[in-house]
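Novice:
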Amino acid sequence: MSSLTAIDPAMMGEVPVPGPPKIVEDSESQWPRMLVLDEATESRLVRYLEHEISLIWQERDLLVQDWIQWQKDYWAKPAQKVKNFPFRRAANIVIPMTAIAVEAILARLLTTIFSIKPFYSIRPRLKEWIEASPDIESWFQSEVEDSNSLDMDGFARESLLELIKLGTGVGKSGYERDIRKVNVDLPDGTSIPKWIEKRNGATLDYVPLANFLMRFHENDPQTQHWLGRNTQI
Numbered sequence: 049m050s051s052l053t054a055i056d057p058a059m060m061g062e063v064p065v066p067g068p069p070k071i072v073e074d075s076e077s078q079w080p081r082m083l084v085l086d087e088a089t090e091s092r093l094v095r096y097l098e099h100e101i102s103l104i105w106q107e108r109d110l111l112v113q114d115w116i117q118w119q120k121d122y123w124a125k126p127a128q129k130v131k132n133f134p135f136r137r138a139a140n141i142v143i144p145m146t147a148i149a150v151e152a153i154l155a156r157l158l159t160t161i162f163s164i165k166p167f168y169s170i171r172p173r174l175k176e177w178i179e180a181s182p183d184i185e186s187w188f189q190s191e192v193e194d195s196n197s198l199d200m201d202g203f204a205r206e207s208l209l210e211l212i213k214l215g216t217g218v219g220k221s222g223y224e225r226d227i228r229k230v231n232v233d234l235p236d237g238t239s240i241p242k243w244i245e246k247r248n249g250a251t252l253d254y255v256p257l258a259n260f261l262m263r264f265h266e267n268d269p270q271t272q273h274w275l276g277r278n279t280q281i
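Under this note's numbering, the residues of the sequence shown are numbered 49 to 281, in order.
What follows is the structure, encoded as structure tokens:
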């Protein structure tokens, strides 16, 4: 990637890569800095969020029941473990037609999406990037296939399965830089602290539809007042 390093100052070392801030070393500090609200503002915010969340649970009650029924149709478990009608120990087999149809569509979609290589196609618009574009394509492809990075295949399997079963799917993209402090043992028995970078890159996470909180009257996640994700700690 010689042309890339020639034009990108960050690759040449002209732009310093910031290390962990000093405030991180203080266990009592908070980083990133938290928003500090006065008691009155915080109280109003809490009341507003509690009201909004309660409305969401009320709005989606019928929808959740519909999802539960679809999930039951997908798994197609017998209503009774032992069937005694029209005679004792009668056949209790349920053919999961919904699951058969869903899995067939999922396999077709995954094959259609991931059979194309490279997954990303680079078309440089400046001549300075022509030489570097094949290397960038290869790097993007490795990110897509790496289960420790974007893991596009794992994300697609989860989100597309829910998309086919329930009609929509939710994903969350972001960027994560995980810097941790470790102690390196020396031959003399002492140790010195050292910062290591465990992860530094883009992320792509599947959000279960049952955990995604959004008001029903909102149509665009990008423009609505707030979005939520129900998590259990």
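Ideal Cβ placement from N, Cα and C applies to all residues, glycine included.
1) Do you know how far the Cα of F264 is from the Cα of I104?
2) Where does the unbroken beta strand (DSSP E) through E245 begin, and where does it stop?
3) Are L257 and E210 closer than 8 Å when you measure CB to CB?
4) Between the alpha carbons of T160 and A88, how many angstroms are there, rounded?
5) Figure out for me which residue from K229, L252 and I148 has the closest Cα to the Cα of E245.
6) What span of residues does the beta strand (DSSP E) with K165 cover, start to end?
7) Tell me, please, whether the region 205-221 touches the region 144-153 by the rule of three or more beta-carbon pairs shorter than 8 Å.
8) Considering only C-alpha positions, which residue in the set T251, V218, P241 and K242 is nearest to Q23?
9) Considering only residues of the same chain and omitting the five flanking positions on each side of L208, which have a CB-CB separation below 8 Å?
10) Exposed or buried, what is A204 when buried is set at 16 or more other beta-carbons lying within 10 Å of its beta-carbon?
11) State the DSSP-derived secondary structure class of A138, mapped to helix, strand or coil.
12) Which full runs of the alpha helix (DSSP H) of 4+ residues lie inside the region 80-123, going along the chain?
13) Looking only at C-alpha atoms, which of M200, D114, M145 and L111 sits nearest to K125?
14) Does the separation of the CB atoms of V294 and K220 fall below 8 Å?
15) Measuring CB to CB, does T251 end up less than 8 Å from G276?
16) Which residue from L261, A139, D236 and P241 puts its Cα closest to that of E100?
17) I141 to F135, Cα distance in whole Å?
18) Bridge partners of E185, per DSSP?
19) Let me know the alpha helix (DSSP H) ranges lying completely inside the region 185-227, each 4 residues or longer, listed in chain order.
Specialist: With the structure as the only source:
1) The straight-line gap separating the alpha-carbon atoms of I104 and F264 is approximately 8 Å.
2) Bounds of the beta strand (DSSP E) holding E245 are S239 to V255.
3) Yes.
4) One C-alpha to the other measures close to 54 Å.
5) Taking the Cα of E245 as reference, the smallest distance to any Cα among K229, L252 and I148 is reached at K229.
6) It is not in any beta strand (DSSP E) - K165 carries neither H nor E in the DSSP assignment.
7) Touching, yes, given that three or more Cβ pairs across the two stretches are closer than 8 Å.
8) The requested residue 23 does not occur in the structure, where the chain is confined to residues 49 to 281.
9) Correct list, in chain order: L154, L157, L158 and G217.
10) In this structure A204 is buried. Its beta-carbon is surrounded by 16 or more other beta-carbon atoms within 10 angstroms.
11) Three-state result, A138: strand.
12) Residue ranges of uninterrupted alpha helix (DSSP H) with 4 or more members, entirely inside the region 80-123 and ordered along the chain, are 87-107 and 109-123.
13) Taking only the C-alpha atoms, the option nearest K125 is M145.
14) With the chain covering 49 to 281 only, the question about residue 294 has no answer from this structure.
15) With contacts defined by Cβ atoms closer than 8 Å, T251 and G276 do not form a contacting pair.
16) Of the candidates L261, A139, D236 and P241, the one whose C-alpha sits nearest the C-alpha of E100 is L261.
17) A direct Cα-Cα distance of roughly 15 Å separates I141 from F135.
18) Per the DSSP secondary-structure output, E185 pairs with nothing in a beta bridge.
19) Qualifying alpha helix (DSSP H) stretches, in chain order: 200-214.
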